[in-house]
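What follows is a single structure, written as structure tokens, with notes after it.
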Ligand code: CP3
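Residue numbers (the numbering used here): 120 to 461.
Shown next, in the form of structure tokens:
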């Protein structure tokens with residue numbers, strides 16, 4: 120189907136656009152009362168993820184309500200561990216929890232490579248969303264990066280340091296590699312099924328890139344992200360590696376189209392180190408949206424000025440925070456639209 124608004128895909132391919140496209144990581148869910156209304160009619164987050172009609176509805180909400188230039192499918196990165204045989208729970212106000220975790224080679228052997236059929240609730244949601252969007256904006260599919268998924272599978276929950284997962288890299292590197300390869304194989308099948316269902320772009324979230332030292336990042340994360348990028352030929356790919364300022368040169372060499380910057384990264388320096396061939400996405404501090412409308416406008420304009428002269432997709436430097444006023448989000452979006460079409 121032809122897209123009426125293909126700004127995101129054009130910018131990802133490095134083509135000139137009449138203005139800068141804008142969307143927000145974690146725009147589906149979290150901030151909208153309309154999302155909470157849908158969610159509270161169910162047992163919780165996981166039931167929503169597994170109910171394609173409703174997942175499609177909350178995917179489209181930010182397009183209707185906020186006016187973003189892309190939808191991102193409502194799901195979670197943790198659906199892959201579950202499809203590999205490691206189910207998760209989502210604990211209210213705390214986050215993910217895995218009752219069973221991975222410690223030994225035998226644990227890894229017991230996992231299976233995810234069969235896309237076990238994730239058909241995601242592909243079904245993508246098909247419904249595409250139909251209901253009717254070409255208004257592109258739909259972003261996504262996956263966690265292998266390292267970030269491994270972190271949860273070993274740690275069992277969120278962590279500031281992921282020291283249990285990093286423990287394994289030092290004490291059982293071969294087990295870690297075996298696990299990472301199994302996750303990578305699962306991801307490749309999964310993103311291919313998302314693309315077949317209609318995803319127009321794939322974003323890889325390496326949320327915990329920043330806990331690794333540079334050499335380990337190359338060995339235990341980039342090596343596997345590279346396999347995923349090389350396997351996707353059909354649609355543009357974005358890699359968002361949070362905290363990986365030390366790896367910008369290597370990220371620039373990946374077979375992908377866009378690199379996401381978090382808010383700690385200086386734009387000009389990042390562009391130099393990544394190289395001019397890639398589009399950059401980002402990178403307003405999510406906390407900037409706690410400021411006044413006037414301050415948000417100012418911060419957004421100055422961010423756009425920093426990216427001026429290169430291909431850019433406007434976004435925050437990480438996911439939007441749950442307690443941000445949707446009116447402030449609209450101010451960010453409106454400012455990007457108006458200021459970049461000068
Ligand atoms: O971008 C989008 O809006 C699409 C939906 C999406 C969700 N999770 C829905 C969600 C996406 C892209 C994700 C990715 C995700 N999930 C990441 C990578 C991005 C990042 O922020 O770094 C990570 C690390 C996770 C794991 C996860 N899922 C955590 C730590 C939590 C709890 C805290 C929170 O609210 O993020 C979740 C739960 C989750 N995933 C919610 C939503 C809307 C909140 C659940 C609820 O409704 O209570």
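Glycine included, C-beta positions come from ideal geometry on N, C-alpha and C.
Just to confirm my understanding: we take residue 281, look at its own chain, exclude 5 residues before and 5 after, and list those with CB closer than 7 Å. What are they?
The answer, listed in chain order, is 270, 274, 327, 330.
Could you pull the start and end residues of the beta strand (DSSP E) that residue 209 belongs to?
Where residue 209 is concerned, the enclosing beta strand (DSSP E) stretches over 208-210.
Have a look at 426, 310, 217, 316 and flag the residue whose alpha-carbon is nearest the alpha-carbon of residue 322.
310
May I have the straight-line CA-CA distance separating residue 427 from residue 359, to the nearest angstrom?
When rounded, the distance between both Cα atoms is 20 Å.
Provide the residue span of the alpha helix (DSSP H) that contains residue 314, from first to last.
292-316
Which of the three DSSP states, helix, strand or coil, is assigned to residue 159?
It is helical.
Excluding the 5 residues preceding and the 5 following residue 288 in the sequence, name in chain order all residues of the same chain whose CB lies nearer than 7 Å to its CB.
295, 335, 339
Kindly examine the ligand CP3 and report whether one of its heavy atoms sits closer than 6 Å to the Cβ of residue 276.
no
Could you give the DSSP three-state label for residue 278: helix, strand or coil?
coil
Looking only at its chain, what residues have a beta carbon closer than 8 Å to the beta carbon of residue 242, apart from the 5 residues adjacent to it on each side?
235, 312, 313, 315, 316
Let me know the alpha helix (DSSP H) ranges lying completely inside the segment 400-433, each 4 residues or longer, listed in chain order.
412-426
Which value, in whole angstroms, describes the spacing of the CA atoms of residue 224 and residue 383?
37 Å
For the putative contact between residue 189 and residue 152, defined by C-beta atoms under 8 Å, what is the C-beta separation to the nearest angstrom?
Rounded to the nearest angstrom, the Cβ distance from residue 189 to residue 152 is 22 Å, too far for a contact under 8 Å.
How should residue 244 be labelled, buried or exposed, when 16 other C-beta atoms within 10 angstroms of its C-beta is the threshold for buried?
Residue 244 is classed as buried because its beta carbon has at least 16 other beta carbons within 10 Å across all chains shown.
Report the rounded CA-to-CA distance for residue 267 versus residue 284, giving the unit in angstroms.
10 Å
What does the Cβ neighbour count give for residue 390, buried or exposed, with the cut at 16 atoms within 10 Å?
buried
Please write down, chain order preserved, every residue whose beta carbon lies under 7 Å from a heavy atom of the ligand CP3.
144, 145, 146, 147, 148, 149, 158, 164, 191, 192, 193, 194, 195, 196, 197, 209, 211, 214, 215, 261, 263, 267, 277, 324, 326, 361, 437, 438, 441
Exposed or buried, which one is residue 454 when buried takes at least 16 other CB atoms within 10 Å?
Buried: at least 16 other Cβ atoms inside 10 Å.
Quick check on this structure: which residue in 449, 450, 445 has the alpha carbon closest to the alpha carbon of residue 150?
Closest by C-alpha distance to residue 150, out of 449, 450, 445, is 445.
Give the DSSP-derived three-state secondary structure of residue 127 in the structure shown.
Residue 127: helix per DSSP, three-state reduction.
According to DSSP, is residue 215 part of a helix, a strand, or is it coil?
strand
Can you name, in chain order, every residue of its own chain whose Cβ lies under 6 Å from the Cβ of residue 375, other than the five neighbours on each side?
348, 356, 358
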